[in-house]
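Student:
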Amino acid sequence: MSARPGLNKVKNPESPKQTAPRSVDAFDEEDNEYPFNEDFSRETAANFEEGSSGEEDQNETGEDVVPDKQRSWRFYGIVSLMFVLSPIVLSMLVWQNSNITITEKSCAFEKLRGIEPKQSEGIWRALQTGIEGLINKRDPRPSVFLFLHQEGELKTLIYDIATEASRCFGGPGKPIHMNKDDFVPKNGDYGFAIEQFKKKLKEGNVFLIVNLNEIPPSSALALHPICDTYNPISADAVIFLTLHTSSTTDTGNSVKLARQTLYELWGTHLQDNELDSLITRVSDQVLHLNSTG
Numbered sequence: 001m002s003a004r005p006g007l008n009k010v011k012n013p014e015s016p017k018q019t020a021p022r023s024v025d026a027f028d029e030e031d032n033e034y035p036f037n038e039d040f041s042r043e044t045a046a047n048f049e050e051g052s053s054g055e056e057d058q059n060e061t062g063e064d065v066v067p068d069k070q071r072s073w074r075f076y077g078i079v080s081l082m083f084v085l086s087p088i089v090l091s092m093l094v095w096q097n098s099n100i101t102i103t104e105k106s107c108a109f110e111k112l113r114g115i116e117p118k119q120s121e122g123i124w125r126a127l128q129t130g131i132e133g134l135i136n137k138r139d140p141r142p143s144v145f146l147f148l149h150q151e152g153e154l155k156t157l158i159y160d161i162a163t164e165a166s167r168c169f170g171g172p173g174k175p176i177h178m179n180k181d182d183f184v185p186k187n188g189d190y191g192f193a194i195e196q197f198k199k200k201l202k203e204g205n206v207f208l209i210v211n212l213n214e215i216p217p218s219s220a221l222a223l224h225p226i227c228d229t230y231n232p233i234s235a236d237a238v239i240f241l242t243l244h245t246s247s248t249t250d251t252g253n254s255v256k257l258a259r260q261t262l263y264e265l266w267g268t269h270l271q272d273n274e275l276d277s278l279i280t281r282v283s284d285q286v287l288h289l290n291s292t293g
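With the UniProt record's numbering, letter number 111 in the sequence shown gets 111, and the count goes up by one each step, no holes.
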């Protein structure tokens, strides 16, 4: 059978390819086309990778070309390293300091303990604790000691105690004396004694204020700031006071005996509010010296 006319497959001639319209903005002629540079694109992409641009930190002109993100990673890396190393360094310092033996200064009055008449261990312990707390910077307050003693006796021992205390501070072993002449000015102002005390502080830390029995009540008010241990004139001072009493031995209540004696001395001339606070300051630590052997 012959094929039907019109059913034969006819190969159409290839239609000519149409040229895509070219953008006038991109190029005007063949020489203005921008070829795709594959190497350049890879290099550009690498420049955006974190932590490395493939270049030095500075270019030929000296300008900083390190990306901000790279600087941030460096900064956080240093901070992290510090957090890691700090506990290690601290533990090493603690271990090193724990192996250092600190020798504290001593003030035990060993040579005076055997002198007759011998004093109780409680007296020596109180003196040692108070002074060693100051010379080793453990106690931020001054030490005030009131010695009760019999007239004419134990004055040498009291002076020797004050001298030894001065040596414990590294001084020449010469306590600073104050007596009624430092407390009785011509104008009657007890502020004179306070100024005397401040001036004498330049000479040392240890004061020996003798015979409170001779200090007039109005002048004795100067002892209130001088013996203040909470708001002191000098925080590292040692103040020894002496008070004569008719009792030759410790009755077991030395504070009561001292306060009673001071009330008899100053009570008729001072108001109660002045007297009570003054006696409290003066009798901070009462040491009744034994004179019977």
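From the three backbone atoms N, C-alpha and C, an ideal C-beta is built for every residue, glycine too.
1. Between Gly152, Gly173, Ser277, which has its C-alpha nearest Ala162's C-alpha?
2. For the alpha helix (DSSP H) containing His224, name the first residue and the last one.
3. So within the segment 246 to 289, which uninterrupted alpha helix (DSSP H) runs reach at least 4 residues, ignoring any that extend past its ends?
4. Bridge partners of Thr242, per DSSP?
5. Is it right to say Pro142 is buried, meaning 16 or more other beta carbons lie within 10 angstroms of its own, or is it exposed?
6. Taking 8 Å as the cut-off, decide whether the C-beta atoms of Ser291 and Gln150 are in contact.
7. Considering only residues of the same chain and omitting the five flanking positions on each side of Ser41, which have a CB-CB separation below 8 Å?
8. By how many angstroms is the C-alpha of Ile226 removed from the C-alpha of Tyr190?
9. Buried or exposed: Gln119, going by 16 or more other Cβ atoms within 10 Å of its Cβ?
10. Note down, in chain order, each residue of its chain lying with its Cβ closer than 6 Å to the Cβ of Ile209, except the 5 sequence neighbours on either side.
11. Spatial neighbours of Asp25 within its chain, please: CB distance less than 6 Å, with the 5 preceding and 5 following residues excluded, ordered by chain position.
12. In whole angstroms, give me the CA-to-CA distance for Tyr263 and Phe207.
13. Using beta-carbon positions only, say whether Leu223 and Val286 come within less than 8 Å of one another.
14. Can you tell me where the beta strand (DSSP E) with Phe207 in it begins and where it stops?
15. Which runs of the alpha helix (DSSP H) fall wholly inside the segment 136 to 193 and span at least 4 residues, in chain order?
16. Between the C-alpha atoms of Met92 and Val84, what's the straight-line distance to the nearest angstrom?
17. Should Ile239 and Arg259 be called a contact, given that it needs their Cβ atoms to be closer than 8 Å?
18. Ends of the alpha helix (DSSP H) at Pro217?
19. Closest by CA to Glu153, which one among Glu116, Lys180, Gly133, Ala126?
20. Could one say the Cβ of Ser291 lies closer than 8 Å to chain C's Cβ atoms, at least one of them?
21. According to DSSP, is Asn213 helix, strand or coil?
22. Looking only at its chain, what residues have a beta carbon closer than 6 Å to the beta carbon of Glu132, apart from the 5 residues adjacent to it on each side?
Tutor: Per the coordinate set shown:
1. For the purposes of this step, residue 162 is identified with residue 162 of the sequence shown, where counting begins at 1. Nearest of Gly152, Gly173, Ser277 to Ala162, Cα basis: Gly173.
2. Position 224 of the sequence shown, counted from the first residue, corresponds to residue 224. Residues 223 to 226.
3. 254 to 266, 272 to 282
4. Translated into positions along the sequence shown, residue 242 becomes position 242. According to DSSP, which records beta bridges pairwise, Thr242 is partnered with Phe147.
5. Locating residue 142 in the sequence shown gives position 142, where the first residue counts as 1. That one is buried.
6. Here residue 291 is taken as the residue at index 291 of the sequence shown, counted from 1. Here residue 150 is taken as the residue at index 150 of the sequence shown, counted from 1. Cβ distance < 8 Å, so Ser291 and Gln150 count as in contact.
7. For this step, residue 41 is matched to residue 41 along the sequence shown. Note on Ser41: pLDDT 47, under 50, position unreliable in the model; the coordinate value appears next. Same-chain partners within the cutoff: there are none.
8. Looking up residue 190 in the sequence shown gives position 190. Looking up residue 226 in the sequence shown gives position 226. So the alpha carbons of these two residues sit roughly 11 Å apart.
9. By one-based count along the sequence shown, residue 119 stands at place 119. Label assigned to Gln119: buried.
10. Counting from 1 along the sequence shown, the entry for residue 209 is found at position 209. Taken in chain order, the residues that qualify are Met178, Leu241.
11. On the sequence shown, position 25 is the one that residue 25 refers to. For Asp25, the pLDDT reaches just 44, beneath the cut-off of 50, and the residue's location in the model is therefore unreliable, although a value from the coordinates is still provided. So the list is empty, once near-sequence residues are dropped.
12. Here residue 263 refers to the residue found at position 263 when the sequence shown is read from its first residue. Here residue 207 refers to the residue found at position 207 when the sequence shown is read from its first residue. Straight-line Cα distance between these residues: approximately 23 Å.
13. Stepping through the sequence shown from its first residue, residue 223 is reached at position 223. Stepping through the sequence shown from its first residue, residue 286 is reached at position 286. No; because the gap between Cβ atoms is not below 8 Å, this pair is not in contact.
14. Along the sequence shown, read from residue 1 onward, the residue named residue 207 stands at position 207. Its beta strand (DSSP E) spans residues 206 to 209.
15. 155 to 168
16. In the sequence shown, residue 92 corresponds to position 92, counting from 1. In the sequence shown, residue 84 corresponds to position 84, counting from 1. Going from the Cα of Met92 to the Cα of Val84 covers about 14 Å.
17. Counted from its first residue, the sequence shown places residue 239 at position 239. Counted from its first residue, the sequence shown places residue 259 at position 259. No, the Cβ-Cβ distance between Ile239 and Arg259 is not below 8 Å.
18. Taking the first residue of the sequence shown as position 1, residue 217 is located at position 217. Pro217 -> alpha helix (DSSP H) spans 217 to 220.
19. Locating residue 153 in the sequence shown gives position 153, where the first residue counts as 1. The option with the nearest alpha carbon to Glu153 is Glu116.
20. You won't find chain C in this structure, because it holds only one protein chain.
21. In the sequence shown, residue 213 corresponds to position 213, counting from 1. Helix, per DSSP.
22. Along the sequence shown, read from residue 1 onward, the residue named residue 132 stands at position 132. Cβ within range, chain order: Cys107.
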